[in-house]
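*Asks:* In mature numbering (1 follows the signal peptide of the UniProt record, and there is no 0), the protein residues as written are -30 to -1, 1 to 474.
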Amino acid sequence: MRLPSGSITRRARLALAALGLALASGPAGAQTLSIGLQDDPDILDPHRARTFVGRIVFTSLCDKLVDITPELELVPSLATGWSVSEDRLTLTFELREGALFHDGTPIDAAAVKANLDRARALPDSLRKSELASVESVEVVDEGTVALHLSAPDAALLSQLSDRAGMMMSPASFENASPSAAPVCSGPYRFVERVQNDRIVLEKFPEHWDAQSYLVERVVFRAIPDNTVRFANLQSGDLQLIERLGANDTEAAEAAAGITVVPVTGLGYQALAFNLRDEASPLADARVRRALDLAIDRDIINQVVGAGTYQPAYQPFPPASFAHEEGLERAGRDVEGAKALLAEAGHERVAFELSFGNNTAMQQVLELVQAMAAEAGFDISLRPTEFAALQGELREGRFEVAQSGWSGRVDPDGNIHQHVTCGGSLNDGAYCNEAVDRLLNEARETSDPAEREPLYAEAQAILAADKPIVYLYYLPYPFAHTTRLEGFVGYPDGMIRLRGVEMKL
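Structure, rendered in structure tokens:
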């Protein structure tokens, strides 16, 4: 029977589109790509996850409303277009027709609303502060969703290009633990996970862009030792590795059959202080500033980073309009650090420093330990399995801890949720109402020229309070077999497999 024009429903069009994709993406030679990660990801739930390596897995597993280009421009993904109201209080998305979750259900406005509402309301969601400006989410029609804001938010689109904008099937929310077998929306679907070993994904043939994904199976392997990870690439057990060790870069560049892809990242590596214990010497900002003065970032860059660990004294990399040149310095000031400790009433201060157990971080913190000892600090290093460390940070079970952040396109993403009183990633429980006011005002301002002085004023306060000690900006060097073609490195450090294939 022939249906009258216009009578076919959107759900039927989705089913027909999925069938077309399935037929168009027939077998083209099964390919498995094994990728070496520096750490084992934490929970596979984008609303509750916090690790960089987890974001790498999510990039293949869970599509987002918007994405970025290598030049950091925002581009369509699950949303094909968006508009902002004149008062900047409503952000409206037009959704892609034919997009499906891995369980075959449509990615429609109701599903987007369910995801954003969950990200804002889930008790242990780490996306709450990223979406703090969203007051309500409205289903306009099946293909249109509107976000109503309590105040203008210049950073919101950028946040929706990452975990805050990732979509999981709402049906999976009914499971007690949806992260055990995540039902997502990306070009690859979940197959299995063996903790601290591997995560296996397979191509989702009904994906809206399935024809652009040529690899059939992706295996992520956690290998914390840089040299072992590189050796696995050389042997052929891996075809791509992220964060090639600085000490292996020269060998990789000289090796036959290996391509090195250097990328300058948006994020940083830092140390976070737990400020919950008011009786701790670390509760005194003078002690925290003393530790900062004791550390020579140039030595870390030369000894561990082989020139790739650009020293950092703030959360904003030099390419950001919010970067403050006045915060930069060279070397260290041991006598100044000792004087600050004495002023705070201490000759020596002892504390435990927790970190993710990988070779690069251990080398960095052994240097920090030695340099700080000369200024009056007795640091005991506690290596911890990386995913377990994330739990300790979230629960506040640490004195001082490694606190890395992979960076965001908008400067808000590198600072707001880490230092505001209710920030989702404010692991140290730092709180200063003046900082909150300045950073909230920067969110509500769209002109970078007007936002920059707000960030400068906030950074002046943070430089005095020193809740976080920044160490270096993160490089993202990849290495892969020359048989792998089409791979492009992105400044966010994510591995995007669109157009990537293995040549025999």
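Don't be surprised by glycine CBs; every beta carbon is placed ideally from N, CA and C. Keep in mind it's a predicted model, so treat the numbers as computed, not measured.
1. Which of the three DSSP states, helix, strand or coil, is assigned to Ala312?
2. What residues are listed by DSSP as bridge partners for Tyr183?
3. Between which residues of its own chain and Gly24 is the CB-CB distance below 6 Å, once the five residues before and five after are set aside?
4. Is Glu64 helix, strand or coil by DSSP?
5. Taking C-beta to C-beta, are Ala141 and Asp73 nearer than 8 Å?
6. Roughly how many whole angstroms lie between the Cα atoms of Arg187 and Leu323?
7. Could you check the C-alpha separation between Arg407 and Tyr400 for me, to the nearest Å?
8. What number of angstroms, rounded off, separates the C-alpha of Ala255 from the C-alpha of Ala309?
9. Three Cβ pairs or more, each shorter than 8 Å: is that satisfied between the stretch 57 to 66 and the stretch 41 to 49?
10. Under a three-way DSSP split, which group does Glu365 fall into?
11. Restricting to runs no shorter than 4 residues, where is the alpha helix (DSSP H) found entirely within the stretch 268 to 315?
12. What number of angstroms, rounded off, separates the C-alpha of Glu414 from the C-alpha of Asp207?
13. By DSSP, does Arg407 sit in helix, in strand, or in coil?
14. CA-CA distance, Phe356 and Ser394?
15. How would you label Lys34, buried or exposed, when you count the other beta carbons within 10 angstroms and need 16 or more for buried?
16. Between which residues of its own chain and Gly301 is the CB-CB distance below 7 Å, once the five residues before and five after are set aside?
17. Going by the beta-carbon positions, is the gap between Ala434 and Leu424 smaller than 8 Å?
18. From the DSSP output, which residues share a beta bridge with Tyr442?
19. State the start and end residues of the unbroken beta strand (DSSP E) segment that holds Lys83.
20. Let me know the secondary structure DSSP gives Ser416 once reduced to three states.
21. Please classify Lys98: does DSSP put it in a helix, a strand, or coil?
22. Drop a sphere of 10 angstroms on the beta-carbon of residue 490, count the other beta-carbons inside from all chains shown, and report buried for 16 or more, exposed for fewer.
23. Going by the beta-carbon positions, is the gap between Pro16 and Met136 smaller than 8 Å?
24. Beta-carbon within less than 7 Å of Asn202's beta-carbon, same chain only, minus the 5 sequence neighbours each way: which residues are those?
25. CA-CA distance, Trp375 and Val115?
26. Between Arg468 and Ser99, how many whole angstroms is the CB-CB distance? I'm expecting something under 8 Å.
27. Excluding the 5 residues flanking Gly346 on each side, which residues of the same chain have their C-beta closer than 6 Å to its C-beta?
28. Am I right that Ser149 and Leu14 are in contact with their C-beta atoms under 8 Å? What's the rounded C-beta distance?
29. Taking C-alpha atoms, which residue in Asn328, Thr278, His450 and Glu344 lies nearest to Asp303?
30. Taking Cβ to Cβ, would you say Pro152 is nearer than 8 Å to Leu31?
31. What does a CB cutoff of less than 6 Å around Leu(-28) pick up in its chain, not counting 5 residues either side in sequence?
32. Is the Cβ-Cβ distance between Asp380 and Ala89 less than 8 Å?
33. When the Cα of Gln332 is compared with those of Thr354, Phe321, Ala342 and Gly315, which residue comes out closest?
34. How would you call Phe325, buried or exposed, if buried means at least 16 neighbouring beta carbons within 10 angstroms?
35. Identify, in the order they occur along the chain, each residue of the same chain with its Cβ nearer than 6 Å to the Cβ of Tyr443, setting aside the five sequence neighbours on each side.
36. Give the DSSP-derived three-state secondary structure of Glu108 in the structure shown.
*Replies:* In brief:
1. Indexing the sequence shown from 1 puts residue 312 at position 342. Three-state result, Ala312: helix.
2. Taking the sequence shown and counting its residues from 1, one reaches residue 183 at position 213. According to DSSP, which records beta bridges pairwise, Tyr183 is partnered with nothing at all.
3. Position 54 of the sequence shown holds residue 24. Excluding positions up to five away in sequence, the list reads Pro11 and Asp12.
4. In the sequence shown, residue 64 corresponds to position 94, counting from 1. DSSP places Glu64 in strand when its eight states are reduced to three.
5. By 1-based counting over the sequence shown, the position of residue 141 is 171. By 1-based counting over the sequence shown, the position of residue 73 is 103. A contact, by the Cβ cut-off of 8 Å.
6. The residue you call residue 187 lines up with position 217 of the sequence shown. The residue you call residue 323 lines up with position 353 of the sequence shown. Answer to the nearest angstrom: the Cα atoms are 39 Å apart.
7. For the purposes of this step, residue 407 is taken as the residue at position 437 of the sequence shown. For the purposes of this step, residue 400 is taken as the residue at position 430 of the sequence shown. Whole-angstrom Cα-Cα distance: 14 Å.
8. Numbered from 1 along the sequence shown, position 285 holds the residue referred to as residue 255. Numbered from 1 along the sequence shown, position 339 holds the residue referred to as residue 309. When rounded, the distance between both Cα atoms is 13 Å.
9. At 8 Å Cβ cutoff, the stretches touch.
10. Here residue 365 refers to the residue found at position 395 when the sequence shown is read from its first residue. Collapsing the DSSP output to three states places Glu365 in a helix.
11. 304 to 313
12. Position 444 of the sequence shown holds residue 414. Position 237 of the sequence shown holds residue 207. Rounded to the nearest angstrom, the two C-alpha atoms are 49 Å apart.
13. Working through the sequence shown from its first residue, we reach residue 407 at position 437. It is helical.
14. The residue labelled residue 356 in the question sits at position 386 within the sequence shown. The residue labelled residue 394 in the question sits at position 424 within the sequence shown. Computed Cα separation, rounded: 19 Å.
15. Here residue 34 refers to the residue found at position 64 when the sequence shown is read from its first residue. When all chains shown are included, Lys34 counts as buried.
16. Taking the sequence shown and counting its residues from 1, one reaches residue 301 at position 331. Correct list, in chain order: Asp266 and Asp268.
17. As a first step, residue 434 must be located in the sequence shown, where it is residue number 464. As a first step, residue 424 must be located in the sequence shown, where it is residue number 454. No, the Cβ-Cβ distance between Ala434 and Leu424 is not below 8 Å.
18. Within the sequence shown, residue 442 is the residue found at index 472, counting from 1. BP columns for Tyr442 point to Gln239 and Pro281.
19. Indexing the sequence shown from 1 puts residue 83 at position 113. From DSSP, Lys83 is part of no beta strand (DSSP E) but of the alpha helix (DSSP H) over Ala79 to Ala91.
20. Taking the first residue of the sequence shown as 1, we reach residue 416 at position 446. Ser416: coil per DSSP, three-state reduction.
21. The residue given as residue 98 occupies position 128 in the sequence shown. In this structure, Lys98 counts as coil in the three-state DSSP scheme.
22. The chain is shown from -30 up to 474; residue 490 falls before or after that span and cannot be answered.
23. Here residue 16 is taken as the residue at index 46 of the sequence shown, counted from 1. Here residue 136 is taken as the residue at index 166 of the sequence shown, counted from 1. Yes, the Cβ-Cβ distance between Pro16 and Met136 is below 8 Å.
24. In the sequence shown, counting from the first residue as 1, residue 202 sits at position 232. These residues qualify, in order along the chain: Gly6, Ile193 and Leu208.
25. Within the sequence shown, residue 375 is the residue found at index 405, counting from 1. Within the sequence shown, residue 115 is the residue found at index 145, counting from 1. So the two alpha carbons sit approximately 30 Å from each other.
26. Taking the first residue of the sequence shown as position 1, residue 468 is located at position 498. Taking the first residue of the sequence shown as position 1, residue 99 is located at position 129. Incorrect: roughly 30 Å between the Cβ atoms, too far for contact.
27. Residue 346 sits at position 376 when you count from the first residue of the sequence shown. Contacts found: Lys308, Leu311 and Arg318.
28. Position 179 of the sequence shown holds residue 149. Position 44 of the sequence shown holds residue 14. Going by Cβ atoms, the distance from Ser149 to Leu14 rounds to 5 Å, so yes, they are a contact pair.
29. As a working mapping, residue 303 is identified with position 333 in the sequence shown. When each option's Cα is compared against that of Asp303, the closest is Glu344.
30. Along the sequence shown, one-based indexing puts residue 152 at 182. Along the sequence shown, one-based indexing puts residue 31 at 61. Cβ distance < 8 Å, so Pro152 and Leu31 count as in contact.
31. Taking the first residue of the sequence shown as position 1, residue -28 is located at position 3. Note on Leu(-28): pLDDT 33, under 50, position unreliable in the model; the coordinate value appears next. There are no such residues.
32. Here the question's residue 380 lines up with position 410 in the sequence shown. Here the question's residue 89 lines up with position 119 in the sequence shown. Result no, Cβ atoms of Asp380 and Ala89 do not sit closer than 8 Å.
33. Residue mapping note: residue 332 aligns to position 362 of the sequence shown, counting from 1. Closest by alpha carbon: Thr354.
34. Residue 325 sits at position 355 when you count from the first residue of the sequence shown. Burial call: buried.
35. Counting from 1 along the sequence shown, the entry for residue 443 is found at position 473. Here the set comprises Tyr238, Gln280, Ala282 and Pro287.
36. Numbered from 1 along the sequence shown, position 138 holds the residue referred to as residue 108. For Glu108, the three-state secondary structure derived from DSSP is strand.
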